[in-house]
Amino acid sequence: MALPTILVDDEKCHDPLSCRKCLLVCPTRVLGLGTSVGPEKFKQIDPAFFVVRGVRFQFCTGCDKCVEVCPTHAIQISFDGGKVA
Ligand code: SF4
Ligand code: SF4
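This note's numbering numbers the first residue of the sequence shown as 2 and each following residue consecutively.
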């Protein structure tokens, strides 16, 4: 199966630390939290810098649960540039 393209619009995903709906709904834990400022071990990272990203792409089944659960429609999943959810 081809790997998906997972797009998350950070403008629409304002506070992933508080929301986390997509992370919790994904049955295969494809999505993860990262930061847009890179690892900063000794500094507290502002929650505004957290982002949702695809991490384990190979486990995405294209079930679209993350797309459906996102309250701000921030996520798009596509396979082979075909269907965009
Ligand atoms: S489409 Fe389904 S398997 Fe893929 S990231 Fe979203 S919830 Fe997870
Ligand atoms: S469900 Fe949507 S708004 Fe919530 S953390 Fe995921 S991408 Fe962001």
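Backbone N, C-alpha and C define an ideal beta-carbon position, used for all residues, glycine too.
Note that this is a predicted model, so its numbers are computed, not measured.
Query                                                                                          : Result
Within 7 Å, strictly: CB atoms of Val9 and Val53                                               : yes
Distance between Cys67 and Arg21 (C-alpha atoms, nearest Å)                                    : 10 Å
Local Cβ density within 10 Å of Leu18, reported as buried at 16 or more and exposed below that : exposed
8 Å contact criterion, which Pro5 and Phe80 should meet: CB distance rounded                   : 5 Å
C-alpha distance - His15 paired with Phe50, whole-angstrom precision                           : 9 Å
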